[in-house]
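Chemist: Following this message is one structure expressed as structure tokens.
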Amino acid sequence: MKNVLVAILLAVSAVTAYGQKVMTLQECRRLSMEHNAEVRNAALDVTAARLQKQEALAEYFPKVEVAGGAFHAKDPLFTITIADVLGNSPLACNISELASDLLRDYGLNSSFSTLNYGYAGTVNLTQPIFAGGRIVTGNKLAALGERAAVAKSELQNRTAAEQVDKDFYGILALQEKQITLSGLQRLLDTLQKDVEAAYAAGLALNTDVSEVMLKQSELKAGQSKLKMGLRLAKMNMLNSLGVEYNPYVSIDNPDKPSIDSFTFEGSFDQLMTPQEAYVDEEKASSSLAENRLLQMQVEARNLERRMVLGEALPTLGLGATYGYAKGVTNPRWNGALYALLKIPITDWGKNSRKLQRMRLEIQKAENQRDYLSSQLVLQLRMLFVELNCAWDNVQIAVEAEALAKDRMDNLTVDYTVGNATLTELLRSQTAYRDAQEFRIDTTLDYLSSLEAYRLRCGAE
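Counting along the sequence shown from 1, when you hit position 208 you're at 210 in the working numbering, and nothing is skipped either side.
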């Protein structure tokens, strides 16, 4: 009945209050995925990795470049005379003078100048044929980087979901404790009326009335402290979800709903047992993002070694150029085909040592993968052990709460017939409240452990 009443009150308040919204766990997770900065950055990293993969793919295709240039010199860059051709011997000087006089008679110059100005424009095409396997390996590294970014994004999503679950169940626990204190408040109100009536009839002492009033004051102080804690927990949750709200209950803000108008809907009843949630650790571990990242690290080291090996292999490329130029000759179009072969010689020893070093890095990555993979299995097993322990604590707390309630009910009857004192009754009520809070806290711990275990095992 208590849970049904709470559900009805939550539904009514969600419909009637301005801006009020009932927040479920799935809704909180969805909003966290949309507004969590680290989750969004991880998604951007995935996009960046895909773009980098496309960059690497472009290395397979020819490179086309367009180049152009022009110059104009103050003096010709190239000048030649007859003396430059024949030299400075006496015979050459005589021939040069005769040739100069003859050329002058015909209106010709005895010197030739060129390259006073010039211009050229070309289109170059280069196609790599073999680059030591570095282009293929580079593309594999880029594809591996994309897979790693996706795995890191999954890991970040899971981390964010775990934090949301922890905060969400913390708020549920505070709401449940509010219900507990409200129930105890009603019991004290009834008891206060009975004690005051008994005191008026001369059947109770004034100290009994004072004792009940003192308990009322303690309970109100606890309710006030709990309300403040609940508001702070809601503010922390709503900030992380990117939901706007009015944090000041005493200050009216028509544009934003009050922090008290948000309720978080969930149930502490019908808990999934550890046996129902169990997943084989070996199977679950193999699908974890951490395990995939460890394997990718080994793959990356192997690909890096291939890149180093490619530096020691020959490279071959073909090219073509075609353009229009004016310089020494008249302007004209021209083109050429060429091949370029590079064979590294002196770097062989350096690359050999580098390859040996990369083999050691591969061994280290494999050792780390094997060790951490076993640690992941151990972590899942420890989570399941903690889950069973938390489940046992819940059963103990439920039993303790039932015993505390029976004791309180019995003392209530005994007090009514005069077989128990008021102090005993108040103590039983306090013990019942403590048992309820213990049951709420242990249930919160169990739910947090359950969701953490299910998320690690890949459950939705």
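In this text, a Cβ means the ideal position worked out from N, Cα and C, and glycines have one as well.
Since the structure is predicted, the reported quantities are computational estimates derived from the model, not experimental observations.
1) With respect to the beta strand (DSSP E) encompassing Y434, which residues constitute its N-terminal and C-terminal limits?
2) Tell me, to the nearest whole angstrom, how far the beta carbon of D167 is from that of E453; I am working on the premise that it is less than 8 Å.
3) With burial defined as no fewer than 16 other Cβ atoms inside 10 Å of the residue's Cβ, what is the status of D411: buried or exposed?
4) Output needed for Q438: all residues of its chain with C-beta closer than 7 Å, excluding positions within five of it in sequence on either side, in chain order.
5) Mind checking which residues open and close the alpha helix (DSSP H) that includes I82?
6) Quick check on the DSSP output: what are the complete alpha helix (DSSP H) runs of length 4 or more inside the region 240-279, in order along the chain?
7) Thinking just about the alpha-carbon of each residue, which of Y434, E178, R160 and Q56 is nearest to the one in I443?
8) Which stretch, first to last residue, makes up the alpha helix (DSSP H) that contains Y119?
9) Can you give me the C-alpha to C-alpha distance between L157 and L342, rounded to a whole angstrom?
10) Just checking, does the region 351-368 make contact with the region 284-304 on the three C-beta pairs under 8 Å criterion?
11) Would you list the one or two residues that DSSP bridges to R334?
12) For T423 and L176, what's the separation of their Cα atoms in angstroms?
13) Three or more C-beta pairs closer than 8 Å, one from the region 34-43 and one from the region 144-164: is that the case here?
14) Could you give the first and the last residue of the continuous alpha helix (DSSP H) run that contains K55?
15) Buried or exposed: where does T139 fall if 16 or more other Cβ atoms within 10 Å of its Cβ makes it buried?
16) I need the straight-line Cα distance from Y455 to E267, nearest angstrom please.
17) Hey, I345 and P316: beta-carbon distance below 8 Å or not?
18) Taking C-beta to C-beta, are G64 and L127 nearer than 8 Å?
19) Looking at L286: is its Cβ nearer than 8 Å to the Cβ of G460?
20) Quick check: what's the CA-CA separation for N421 versus Q187?
21) I'd like to check one pair, S450 with Y171: are the Cβ atoms closer than 8 Å?
22) Suppose you measure from the CA of R383 to the CA of S376; what does that come to, to the nearest Å?
23) Check the C-beta distance from A399 over to R361 and give it rounded, since I have them as a contact under 8 Å.
24) Drop a sphere of 10 angstroms on the beta-carbon of W350, count the other beta-carbons inside from all chains shown, and report buried for 16 or more, exposed for fewer.
25) Using a Cβ-Cβ cut-off of 6 Å (strictly less than) and excluding sequence neighbours within five positions of A9, which residues of its own chain qualify?
26) Could you compute how far the alpha carbon of A51 sits from the alpha carbon of E148?
27) Whose C-beta lies closer than 6 Å to the C-beta of A327 among residues of the same chain, with five residues either side of it excluded?
28) Quick one: Cα of S212 to Cα of A223, how far?
29) Could you tell me the alpha carbon to alpha carbon distance between L174 and L232, rounded to whole angstroms?
30) By Cβ distance below 7 Å, which residues in the same chain neighbour L189 in space, the five residues on each side in sequence not counted?
31) By how many angstroms is the C-alpha of K407 removed from the C-alpha of N184?
32) Between the Cα of D77 and those of I131, S289 and Y119, spot the shortest distance and give me the residue it belongs to.
33) Shortest alpha-carbon distance to Q225 belongs to which of Q180, R409 and R355?
34) What's the gap between the Cα of E67 and the Cα of L79?
35) Compute the distance between the beta-carbons of D447 and N390, then report whether it is under 8 Å.
Modeler: With the given structure in hand:
1) Not the beta strand (DSSP E): Y434 falls in the alpha helix (DSSP H), residues L424 to R458.
2) 4 Å
3) exposed
4) T182 and E403
5) Looking at the DSSP string, I82 is not in any alpha helix (DSSP H); the run it does join, the beta strand (DSSP E), is F80 to T83.
6) 276-279
7) It should be pointed out that residue 443 corresponds to Asp in this sequence rather than to Ile. Among Y434, E178, R160 and Q56, the Cα nearest to that of D443 is on E178.
8) No alpha helix (DSSP H) contains Y119, which is instead part of the beta strand (DSSP E) from Y119 to F132.
9) 47 Å
10) yes
11) A327
12) 32 Å
13) yes
14) A39 to L59
15) buried
16) 22 Å
17) yes
18) Note on residue identity: the sequence assigns Pro, not Gly, to residue 64. Their beta carbons are under 8 Å apart, which means P64 touches L127 by this criterion.
19) A quick correction: the sequence has Ala, not Leu, at residue 286. Yes, the pair counts as a contact, with Cβ atoms nearer than the cut-off.
20) 23 Å
21) yes
22) 11 Å
23) The Cβ separation is near 57 Å, so there is no contact.
24) exposed
25) In this prediction, A9 scores a pLDDT of 41, lower than 50, which makes its location untrustworthy; the coordinate-derived value is nonetheless stated afterwards. For A9, where only same-chain residues beyond five positions count, there are no Cβ hits under 6 Å.
26) 5 Å
27) A122
28) 17 Å
29) 9 Å
30) Q431
31) Before going further, note that residue 184 is Ser rather than Asn in the sequence given. Going from the Cα of S184 to the Cα of K407 covers about 16 Å.
32) Y119
33) Q180
34) 28 Å
35) no
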